[in-house]
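A.B. asks: For reference, the structure I am asking about is given below.
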Amino acid sequence: MLNVEMLRPLVEAAWGRDTCDPAGRDEWRPENPSWSQCGVTALVVQDLLGGDLIHGEVHMNGAKAWNHYWNRLSDGTEVDLTADQFRVLNGASVVNGQVVHRPPEGPRRCREEYELLRERVLVALSAERAE
């Protein structure tokens, strides 16, 4: 059965500049591959593991700077595969996490990036299971 620890390396290997939110694409670097990947990653994790999407705010110096997304699995475990993107930001904190509902028509923003990440992860998962 698929779990977070099996999924994590597949997702991390699938990230690239082309799966990054366009708003953060200029700052994306291979040394920080999770940068601006939170929305698409949280959707793919939800596709494969279920649970809830959580939305929070990234605050810098007390003010909202960005949005951030992660997951809460059905057993209550919170999973944030992109939390380390903030290691380069001194003073960043994620606050106000709330469950949000996924639009039934799919993501409104970053649809192409989501579909690309999802396809890469599914291909890698299929290859892993074939071995």
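Residue numbers are given in this note's numbering: position 78 of the sequence shown equals residue 236, and the series is strictly consecutive. Just so it is clear, CB atoms sit at the ideal spot from N, CA and C, and this is done for glycine as well.
(1) Could you compute how far the alpha carbon of Gly260 sits from the alpha carbon of Ala285?
(2) Quick one: residues in its chain with C-beta nearer than 7 Å to the C-beta of Ser251, no 5 flanking neighbours on either side, listed in chain order?
(3) Roughly how many angstroms separate the alpha carbons of Glu270 and Glu277, rounded to a whole number?
(4) Would you kindly check if the distance between the Cβ of Trp193 and the Cβ of Gln256 is under 9 Å?
(5) With contact counted as at least three CB pairs below 8 Å, one residue from each stretch, are the region 195 to 211 and the region 231 to 245 in contact?
C.D. replies: Let me spell this out:
(1) Working through the sequence shown from its first residue, we reach residue 260 at position 102. Working through the sequence shown from its first residue, we reach residue 285 at position 127. In the sequence as presented, Gly is not what sits at residue 260; that position holds Arg. If you take the alpha carbons of Arg260 and Ala285, they lie about 28 Å apart.
(2) What you label residue 251 is simply residue 93 of the sequence shown in a count that begins at 1. In chain order, His217 place their CB closer than 7 Å to the CB of Ser251, counting only its own chain and leaving out the 5 sequence neighbours on each side.
(3) The residue you call residue 270 lines up with position 112 of the sequence shown. The residue you call residue 277 lines up with position 119 of the sequence shown. Rounded to whole angstroms, Glu270 to Glu277 spans 11 Å at the Cα level.
(4) As a first step, residue 256 is located in the sequence shown; it is residue number 98 there, counting from the start. As a first step, residue 193 is located in the sequence shown; it is residue number 35 there, counting from the start. Contact: no.
(5) yes
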